[in-house]
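Trainee: Heads up: the sequence lines are chains A and U, in that order. Quick note on my numbering: the first sequence kicks off at 1263 and runs consecutively. Quick note on my numbering: the second sequence kicks off at 1173 and runs consecutively.
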Amino acid sequence: GAVVSQHPSWVICKSGTSVKIECRSLDFQATTMFWYRQFPKQSLMLMATSNEGSKATYEQGVEKDKFLINHASLTLSTLTVTSAHPEDSSFYICSARKSGAYQPQHFGDGTRLSIL
Amino acid sequence: AQKITQTQPGMFVQEKEAVTLDCTYDTSDQSYGLFWYKQPSSGEMIFLIYQGSYDEQNATEGRYSLNFQKARKSANLVISASQLGDSAMYFCAMREAMDTGRRALTFGSGTRLQVQP
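1. Where do the ends of the beta strand (DSSP E) carrying Y1367(A) lie?
2. Does any residue of chain U bring its CB to less than 9 Å from the CB of H1333(A)?
3. Using CA atoms only, rank isn't needed, just tell me which of I1274(A), L1375(A), H1269(A) is closest to C1285(A).
4. Quick one: what's got a C-beta closer than 6 Å to A1190(U)'s C-beta in the same chain, skipping five residues either side?
5. Drop a sphere of 10 angstroms on the beta-carbon of W1272(A), count the other beta-carbons inside from all chains shown, and report buried for 16 or more, exposed for fewer.
6. At the level of alpha carbons, what is the spacing between S1214(U) and L1256(U)?
7. Can you find at least 3 beta carbon pairs, one from the region 1191-1206 of chain U and one from the region 1220-1239 of chain U, that sit closer than 8 Å?
8. For a test of the three-state rule: what should DSSP assign to E1314(A), helix, strand or coil?
9. Contact defined as beta carbons within less than 8 Å: I believe S1225(U) pairs with Y1204(U). What is the distance between those atoms, to the nearest angstrom?
10. Which class does G1257(U) belong to by DSSP, given the choice of helix, strand or coil?
11. Quick one: residues in its chain with C-beta nearer than 6 Å to the C-beta of S1376(A), no 5 flanking neighbours on either side, listed in chain order?
12. L1249(U) CB to nearest chain A CB: under 9 Å?
13. Helix, strand or coil: which one does DSSP assign to E1321(A)?
14. What is the residue span of the beta strand (DSSP E) that R1374(A) lies within?
15. What's the C-alpha gap between F1353(A) and D1371(A)?
16. Does the CB of S1254(U) have a neighbour CB from chain A at under 9 Å?
17. Which chain U residues are close to T1311(A), counting only those with a beta carbon under 7 Å from its beta carbon?
18. Using a threshold of 9 Å, state whether the C-beta atoms of M1295(A) and S1339(A) are closer than that.
19. Is there at least one non-hydrogen atom of the ligand NAP closer than 8 Å to the beta-carbon of G1182(U)?
20. With a cut-off of 9 Å, does the C-beta of S1351(A) fall near any C-beta of chain U?
21. Which one or two residues does DSSP pair with E1268(U) in a beta bridge?
This is how it looks when you write it as structure tokens:
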């Protein structure tokens, strides 16, 4: 199988705090990882594409200085929400895929972020 | 234009009956993939079924089947013999340029399915 582990699963913190979310591919190497955000009762919206060893590609409207992405190895990508505010409260979910064409994406279980 | 359209915000179905969840898509790529995911209230995304644009036969996975009509650009999910545990949000998704393998999934707005006893 292909397992993606995301940690933490739930974060509650005060406004102004920076929060780091980890996404790990446990049993495969992921050259590409994707970060999505999902507001309540809405669909998943792609935030950025994370490529190992290079800068992430951010979608239009996503602040790269706000959402720092680091993909330092073939099994780990991190998303850091810097100086989080209540409007950043959301469900963040990552996915990873093996290299090569026609490979499916495997999702982590998501992180619920609540900023007070 | 939206790439993935799910026109049913919510659906009800009786237990043991079949239900069809609609999905239409828009792309000019020749090589693309269509996916269905289930998202229960706990939040995780559960992969259900995949259809490649070059696949001539409709995909099936257990109680799930995908009614792929390429000319109409539709990829409806059929769940047979619904179970109470099928109650969840269902998302249709597409990945373009499947042969390059670099694109992310684009998701539809989802359909909330409720199975009634």
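Idealized CB from N, CA, C, for every residue including glycine.
Mentor: According to the structure shown:
1. The question names Tyr, yet the displayed sequence has Gln at residue 1367(A). Per DSSP, Q1367(A) belongs to the beta strand (DSSP E) from 1367-1369.
2. no
3. H1269(A)
4. S1252
5. exposed
6. 16 Å
7. yes
8. Three-state result, E1314(A): coil.
9. 5 Å
10. helix
11. Correct list, in chain order: I1274, S1351.
12. no
13. coil
14. Membership of R1374(A) in the beta strand (DSSP E) is indicated by the continuous run 1373-1377.
15. 10 Å
16. At least 9 Å separates the CB of S1254(U) from every CB of chain A.
17. A1276
18. yes
19. This structure simply doesn't include the ligand NAP, nor any ligand for that matter.
20. Closer than 9 Å: no.
21. Y1204(U).
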